[in-house]
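Laid out in structure tokens, this is it:
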């Protein structure tokens, strides 16, 4: 967007350094291809003038080691509100890169909220969790008086409380395909057990699977969001949501595009056009 823990940075510094180099090399490779090229494979060019939007940035937990940016893109036309989260786990670059691209989108109605590097400290060290912290995707709704991880979870939960998005989309990655090892989660879209929006989520699934024609391991639906995760937090507020798990065995640009497709398809299904 997976259930793994990086080897200790104290015991295995060489392994960590190699992983960071690989992560940065993948990211730089994607950048060299040009973001416009990546997006051009997904969205047609629009010749007409772009709709007006208001763009603002807000610092979550500003002035702390866990400070991260919330991008707020507001159309002048009222409409649905959608929150996209990347970087809950810091060693999952595709979700971070996709969310960073999404933070530059222009929309024709509604509000798009984007947190590309939710767990900024973990992203900076390319580790699943921040050093000394717990798993952010097991810490919601969090508490302002808890550990640093619980405080971060609470701050993100507060964004959900404030804006009440109709949809929350969380972008993740897994090590293996779900169809190879049950429970591995790669190439799945995960939704809450009592969701009443399965029809929309199924159409998102279809859109992502049509990305490049038939695949040996197409995305599948998996019911049952993890307790303490972002989607369960959204559900507790009466919000709809789903989690996208790409598979690390796919190339980075493919994983990024899969995330972009999932978010774009949801926006289309709720009548938001992006530019």
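Residue numbers (this note's numbering): 690 to 964.
Note that beta-carbon positions come from the ideal geometry of N, C-alpha and C, so glycine has one too.
Keep in mind that this is a model prediction, so the values were computed, not measured.
Where do the N-terminal and C-terminal ends of the alpha helix (DSSP H) with residue i fall, by residue?
| i | result |
| --- | --- |
| residue 742 | Note, residue 742: premise wrong, no alpha helix (DSSP H); beta strand (DSSP E) at 742 to 749. |
| residue 852 | 837 to 852 |
| residue 942 | 941 to 958 |
| residue 763 | Not the alpha helix (DSSP H): residue 763 falls in the beta strand (DSSP E), residues 757 to 764. |
| residue 791 | 782 to 791 |
| residue 920 | 919 to 925 |
| residue 686 | Any property of residue 686 remains undetermined from this structure, which presents the chain solely from 690 to 964. |
| residue 880 | It is not in any alpha helix (DSSP H) - residue 880 instead sits in the beta strand (DSSP E) that spans 877 to 880. |
| residue 807 | Premise fails: residue 807 is in no alpha helix (DSSP H) and is neither H nor E. |
| residue 892 | 887 to 898 |
Got a sec, what are the start and stop residues for the beta strand (DSSP E) residue i sits in?
| i | result |
| --- | --- |
| residue 910 | 909 to 912 |
| residue 929 | 929 to 936 |
| residue 862 | 856 to 863 |
| residue 772 | 770 to 774 |
Among the residues of its own chain, which have a CB less than 7 Å from the CB of residue i, if the five just before and after it don't count?
| i | result |
| --- | --- |
| residue 922 | 829, 830, 846 and 849 |
| residue 833 | 840 and 843 |
| residue 836 | 822 and 823 |
Please identify the residue among the options whose C-alpha is closest to the C-alpha of residue i.
| i | options | result |
| --- | --- | --- |
| residue 859 | 872, 852, 878 and 841 | 878 |
| residue 888 | 930, 868, 869 and 924 | 930 |
| residue 890 | 874, 940, 807 and 909 | 909 |
| residue 938 | 743, 836, 783 and 960 | 783 |
| residue 928 | 884, 944, 949 and 775 | 884 |
| residue 826 | 834, 942 and 839 | 839 |
| residue 741 | 761, 790, 796 and 755 | 796 |
| residue 861 | 925, 764, 957 and 786 | 786 |
| residue 788 | 962, 951, 917 and 871 | 951 |
| residue 768 | 799, 821, 835 and 851 | 799 |
| residue 918 | 941, 791, 824 and 763 | 824 |
| residue 760 | 920, 818, 770 and 943 | 770 |
| residue 964 | 763, 776, 794 and 766 | 794 |
| residue 901 | 819, 774, 822 and 947 | 947 |
| residue 763 | 940, 920, 852 and 871 | 852 |
| residue 776 | 920, 809, 836 and 835 | 809 |
| residue 774 | 765, 837 and 792 | 792 |
Taking its Cβ as the centre, do 16 or more other Cβ atoms sit within 10 Å of residue i, making it buried, or is it exposed?
| i | result |
| --- | --- |
| residue 739 | exposed |
| residue 869 | exposed |
| residue 903 | exposed |
| residue 960 | exposed |
| residue 955 | buried |
| residue 743 | exposed |
| residue 925 | exposed |
| residue 755 | buried |
| residue 752 | exposed |
| residue 734 | Residue placement at residue 734 is poorly supported in this model, since its pLDDT is 48, which falls under 50; the coordinates are not used for a value here. |
| residue 932 | buried |
| residue 941 | buried |
| residue 822 | buried |
| residue 699 | Legend: pLDDT at residue 699 = 36, less than 50; position of this residue unreliable, value from coordinates given subsequently. Exposed: under 16 other Cβ atoms inside 10 Å. |
What residues in its chain sit with their C-beta under 6 Å from that of residue i, if we drop five residues either side in the sequence?
| i | result |
| --- | --- |
| residue 863 | 691, 873, 874, 875, 934 and 936 |
| residue 772 | 802, 854 and 857 |
| residue 882 | 912 and 913 |
| residue 871 | none |
| residue 818 | 811 and 824 |
Within the same chain, show all residues whose beta-carbon is closer than 8 Å to that of residue i, passing over the 5 residues directly before and after it, in chain order.
| i | result |
| --- | --- |
| residue 866 | 873, 875, 876, 906, 936 and 938 |
| residue 758 | 746, 747, 748, 749, 804, 805 and 806 |
| residue 886 | 880 and 929 |
| residue 892 | 954 and 958 |
| residue 920 | 857, 859, 879, 880, 881, 914, 930, 931 and 932 |
| residue 766 | 740, 797, 798 and 799 |
Would you please verify whether the beta carbon of residue i is less than 9 Å from any beta carbon of chain D?
| i | result |
| --- | --- |
| residue 779 | This model lacks chain D altogether, as it is built from one protein chain only. |
> Within the chosen definition, does the stretch 912 to 920 reach the stretch 888 to 896 through at least 3 CB pairs nearer than 8 Å?
Replying inline: With contact defined as three or more Cβ pairs closer than 8 Å, the stretch 912 to 920 and the stretch 888 to 896 are not in contact.
>> Taking contact to mean 3 or more Cβ pairs, one atom from each stretch, closer than 8 Å, check whether the stretch 786 to 803 and the stretch 825 to 844 are in contact.
In response: No, because fewer than three Cβ pairs between the stretch 786 to 803 and the stretch 825 to 844 fall closer than 8 Å, the two stretches do not touch.
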